[in-house]
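>
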């Protein structure tokens, strides 16, 4: 058994035993497969695993919707914490009710995701590794000239079977009304959905939200390099507006303001 | 700190209730409701993905339209009643009709959506309790051609390989399968194979989405498949690309095949099919030179009056090129429903018991008579369309329909209605009030896939678990419990089971191909491909590796024959029918899922742009489409997916039902209707 998993099980069991939380969200290996789960009893914890990873913010949101009073532990990697921060700012998750258990990704995991910040703000389990250079994942695409890029994205978008998996898997996609489903933007019932409209709408909506977790790409059945698409936009957003989703708890998101004026330092 | 906040939450790993891909699904259950799904990343088919239906597979479960109480017809209306009253009515009527008219006056339609355990019980019920072999289900309408043809020429009527191997193929020939729409995760695998360098050949009368990714796309006239497949073989032989060693060692009947193939020159094939001969040659060569070539097919091949010949020809092509029994090759029929493979495996068919054990084999009949403790009928029963005819003619007087909707999915719906209305007694067991249930005398509320335990078998012969996540909605019961209750009510003692697991154990005892599979193994191994003869056998991912199930593979030459009803002056358009990605079959589940309805709300007729101009219609105009069977009004979708003279209508929508138009002429051997070809006329709707 993996020592990180052993450590995580220890920490989670303790939290449950001491009744400091009503449950802890982490992946569980069960009935032959893995998936995100809410551990509520110590006896279950032996089934807790850390890989493959699943986005945990979605489950937080689901449970908080029905049980806003619940105190939830969550095992969070860097990307999970960033998502929770942004969702907190957007008023979708009550961050005060969460106990975060910070898990650092391994070197191998960081390389696989091409991630530049593979650790949460506080690491409780595992050892922080540096991560990749910020534009590792997108570098091969940036090397293409504009015409090559147009061809690259058009060919990729043409494979889309409109499963909406990118949206379903994304921790940040929580809108009750989704623009992708509006007939005046994208005609229903067509595959591939209108190129490039469908994917660019999503990409622009991700501009101030994407935390680089890679779940969209993992969920895409036809292998469209979605995370790279959003990371390219994030690069521009950082350059133009100095905004990086999930890095700060107080700076207002770019596309949404909850108050008259953006919250500033 | 929160003292004891009670969160009733669990996750359950199950299998998607929609198509034959058999994707794994984790259901999230919160406070007694299924609220979401997550595809497991390790599942060999879903691999962390789902199609739009899969991502919404939980939504219909809690629809307010769910049948929650047994219903009895009183005149035009249905009245809710107790289980006791409803079951008594069913038992009394079935008994009476059976006793007064003989067992063969009663029929059973089993369900390709229900579990293996339930289909087994229905087969047992028909034979033991009713005393008839009149049991069939919708496989008759989709892959009956496959089961008959491959059963004959290979000895086993199932998909020989698995989609998990396609990424090892060098060439994939896809025909009569709109894979990206109908088996999306398998279509996705084909695209991944292409990314890895596999050559893709698509042969389809419609320019389906996959055609855009093909290295070669051929567009034959509908119903001309024997011709182009023979043409492929003609070219492969003349180019010397056939696998001589394989033919010599593993097959019989080659000389007879060669004689027939000689006649299908590229020139002749072009005349019959419309495929330009140089393109045919290019495609055949591409297939012939490939080291590992897989053939993937579905309804475009099977749903014809020559369906069995079409499948035989596919098998011929695979054997000719030595593409059977190795990884990344094979004959791959993509089964439609989540458990149509299983329903067939369980013997919900009029001529076999479980595992395709024939009712004409005395030893087999004796084995089942011993196991089921009763004398069994020896004459083959009626198939689905034959049951309609028998009902119209008054020979069939009662029908027990479980999880099927012939009023929308069978051909020539007006005739189906006539038959069903003529029955003395119709009992329908379903989760929604389907068009068929509307005609019933008694409606019994069954349970969805999330409300019972059991197993499904996916298109690649892999048995997977279905797990109960919530209690049945309202007063609905698990279908296996209802079947057993009716059986017991009719005096049978062979239906005392305390769980689906017990039923599965009985299935395993009687079925060599399932004998080694257990629920415990499925908990650990996730999916086990039959044949799995013993507890320590790993299952059989690839069929016919050393030998064919029957010994040698048999070449069976086929000659091109025309479809039953072609366009003429009065009905100048060729109608072909099929499905769309966003809905499933008769729409009982998908049309109650808002996100799917917002994509495609109602039916349409795909009409070529040139034809639209001549008819004077634009996109969304209403047209009247008429055949010799009936007429529907349907909006137009102008598209070049269909060639001139051909139109396409999906069959999911009751308000513009494609099957009002189709005919019930059958393949003589498989008894499958020719959904893919009939003649219609189209007029713009005025006013």
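Residue numbers (my numbering), protein chains in the order written: chain G, 19 to 283; chain R, 36 to 722. The beta-carbon is built from N, C-alpha and C at its ideal position, and this holds for glycine as well.
Output needed for residue 170/G: all residues of its chain with C-beta closer than 8 Å, excluding positions within five of it in sequence on either side, in chain order.
159, 162
> Taking residue 268/R as the reference, which of 328/R, 349/R, 217/R, 341/R has the closest Cα?
349/R
> Apply the 10 Å Cβ neighbour rule to residue 36/G and answer buried if 16 or more other Cβ atoms are within range, or exposed otherwise.
The residue is exposed, with fewer than 16 neighbouring Cβ atoms inside 10 Å.
> DSSP has residue 34/R in a bridge; who is on the other side?
Chain R is shown from 36 up to 722; residue 34/R falls before or after that span and cannot be answered.
> Excluding the 5 residues preceding and the 5 following residue 37/R in the sequence, name in chain order all residues of the same chain whose CB lies nearer than 7 Å to its CB.
With a pLDDT of only 48 at residue 37/R, under 50, the local geometry of the prediction cannot be trusted, and the value read off the model is given with reservation. Taken in chain order, the list of residues that qualify is empty.
> Mind listing the chain R neighbours of residue 133/G? Cutoff is C-beta to C-beta under 7 Å, in chain order.
Those within 7 Å of residue 133/G in chain R number zero; the least Cβ separation is about 17 Å.
> Measure how close the beta-carbons of residue 490/R and residue 152/R come, nearest whole angstrom, since I'm counting them as under 8 Å.
7 Å
> Verify the CB distance criterion: does residue 73/R have a CB-CB separation below 8 Å to chain G?
yes
> Confirm, please, whether the CB-CB distance from residue 433/R to residue 128/R is below 8 Å.
yes
> Could you check whether residue 113/R and residue 579/R sit closer than 8 Å to each other, using their CB atoms as the reference points?
no
> Under 7 Å between beta-carbons, which chain G residues line up against residue 87/R? List them in chain order, please.
For a Cβ distance threshold of 7 Å, residue set 180, 181, 182 of chain G lies close to residue 87/R, ordered along the chain.
> Under the three-state reduction of DSSP, which class applies to residue 614/R: helix, strand or coil?
coil
> If I measure Cβ to Cβ from residue 563/R and keep anything under 6 Å in the same chain, skipping five residues before and after, which residues do I get?
498, 552, 574
> Can you find a CB in chain G that lies within less than 8 Å of the CB of residue 44/R?
yes
> Would you say residue 70/R reaches chain G, if we count a Cβ-Cβ gap shorter than 8 Å as a contact?
With 8 Å as the cut-off, residue 70/R counts as an interface residue toward chain G.
> Compare the C-beta of residue 408/R with all C-beta atoms of chain G and state if any pair is closer than 8 Å.
no
> Under 8 Å between C-beta atoms, does residue 62/G make it to chain R?
no
> Measure the C-alpha to C-alpha separation of residue 380/R and residue 567/R and round it to an integer number of angstroms.
13 Å
> Could you tell me which of 444/R, 537/R, 274/R sits nearest to residue 322/R, measuring between CA atoms?
Ranking the options by Cα distance to residue 322/R, first place goes to 274/R.
> In the structure shown, what three-state DSSP assignment does residue 345/R receive?
helix
> Might you give, ordered along the chain, the residues of its own chain that have their beta carbon closer than 6 Å to the beta carbon of residue 83/R, omitting 5 neighbours on each side?
Same-chain partners within the cutoff: 74, 76.
> Using a C-beta cutoff of 8 Å, does residue 240/G count as contacting chain R?
Yes - at least one Cβ of chain R is within 8 Å of the one on residue 240/G.
> Between the C-alpha atoms of residue 627/R and residue 94/R, what's the straight-line distance to the nearest angstrom?
8 Å
> DSSP three-state label for residue 55/G, please.
strand
> Quick one: using the 10 Å Cβ neighbour count with 16 as the cut-off for buried, is residue 279/R buried or exposed?
Result: exposed.
> Three-state secondary structure (DSSP) at residue 511/R?
coil
> Assuming residue 297/R and residue 304/R form a contact by the criterion Cβ under 8 Å, report the distance between their Cβ atoms to the nearest whole angstrom.
In fact, because the Cβ distance is near 12 Å, the residues do not count as touching under 8 Å.
> Taking residue 164/R as the reference, which of 260/R, 412/R, 92/R has the closest Cα?
412/R
> Residues of chain G with a CB under 8 Å from the CB of residue 219/R: which are they?
179, 181, 239
> For the beta strand (DSSP E) holding residue 49/R, just list the boundary residues, first then last.
44-50
> Can you pull out the residues from the stretch 553-565 of chain R whose beta carbon lies closer than 8 Å to at least one beta carbon of chain G?
557, 558, 559, 560, 561
> Go to residue 49/G, then tell me how far its alpha helix (DSSP H) extends in each direction, as first and last residue.
Counting along the chain, residue 49/G falls outside any alpha helix (DSSP H), and DSSP gives it neither H nor E.
> Can you check which of these residues, 130/G, 218/G, 268/G, 110/G, is closest to residue 250/G by C-alpha distance?
218/G
> Can you tell me whether residue 131/G is helix, strand or coil according to DSSP?
Residue 131/G: helix per DSSP, three-state reduction.
> Let me know if residue 284/R comes out buried or exposed under the rule of 16 or more other beta-carbons within 10 Å of its beta-carbon.
exposed
> Tell me which residues share the same chain as residue 189/G and place their Cβ nearer than 6 Å to its Cβ, disregarding the 5 neighbours each side in the sequence.
73, 75, 76, 101
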